[in-house]
Amino acid sequence: MRVIAGKYKRRQLKTVNSHLTRPTTDKNKENLFNMIGPYFSGGICLDLFSGSGGLGIEAISRGMDELYCVDKQYKAYATIKENIQSLNIDDITHVYKMDYQKALALFADEKIHFDLVFLDPPYGMKINEKIISFMAEHDMLSDGCLIIIEDLKEEIFNVCEPFILKKQQSYGITTLWILEYKE
32 MRVIAGKYKR RQLKTVNSHL TRPTTDKNKE NLFNMIGPYF SGGICLDLFS
82 GSGGLGIEAI SRGMDELYCV DKQYKAYATI KENIQSLNID DITHVYKMDY
132 QKALALFADE KIHFDLVFLD PPYGMKINEK IISFMAEHDM LSDGCLIIIE
182 DLKEEIFNVC EPFILKKQQS YGITTLWILE YKE
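The structure is reproduced here in structure tokens:
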């Protein structure tokens, strides 16, 4: 796995040596970033089910200012830390080894507002709607925040205000939903 574009283009990233994570392929990552815009002009990114941290690191490489990575698995946490250290971006990256619900509560308490959110939970959990509703209710999303959800193609996802479906694309067994938050 590697960084596709931006400041850290072509840099190799380690993947988690575990059956509990499934990294987004380089091809799907490239397609995703082509859909949401190739580069960013700052902002705060959340990669809630980080795995190796590849999506969030790609966003940093393409211009996001700050990154919050969360994963409850120790091997994932260690891999994210290693990838961040290899790129020397420790100063703009925060890594948490905790359950997503605890992380969301912590970020809500700290009044952090995100501009870009990646949600790629383990398939079949059916929690994406609950997560984005929590974030909206707790004022955690900046106006215009993009939310990228990766889940199984057969997963039903109801988009309602204050969210707008910008794009939906399927790749094999996976579907990407790109939502925008509008206050």
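When we follow my numbering, the leftmost residue of the sequence shown carries the number 32, and every step to the right adds one.
The beta-carbon is built from N, C-alpha and C at its ideal position, and this holds for glycine as well.
No experiment lies behind these values; they were computed from the predicted model shown.
Could you give the first and the last residue of the continuous alpha helix (DSSP H) run that contains L118?
Y105 to L118
C-beta atoms of M95 and L147 nearer than 8 Å:
yes
If you pair each beta-carbon of the region 115-122 with each one of the region 146-166, do three or more pairs fall below 8 Å?
no
Can you grab the Cα-Cα spacing for the pair I88 / V34, in whole Å?
8 Å
Using the C-alpha atoms, what's the distance from S201 back to F138?
31 Å
How many Å lie between Y131 and Q104 at the Cα?
11 Å
On a Cα-Cα basis, can you pick out the residue from I111, C76, I75 and F80 that is closest to P153?
F80
Kindly identify the DSSP beta-bridge partner or partners of Y131.
Its beta-bridge partners do not exist; DSSP assigns none.
I'd like to check one pair, R42 with F71: are the Cβ atoms closer than 8 Å?
no
Looking at V126: is its Cβ nearer than 8 Å to the Cβ of I111?
yes
So, under 8 Å CB-CB, I123 and E97 are touching, yes? Tell me the CB distance rounded to an integer number of Å.
5 Å
Using the C-alpha atoms, what's the distance from D102 back to M129?
6 Å
Nearest-angstrom Cβ-Cβ length linking E113 and D174, presumed shorter than 8 Å:
With a Cβ gap of about 35 Å, E113 and D174 do not count as contacting.
List the endpoints of the continuous alpha helix (DSSP H) containing E160.
N159 to E168
Would you list the one or two residues that DSSP bridges to S173?
Beta-bridge pairing links S173 to no other residue.
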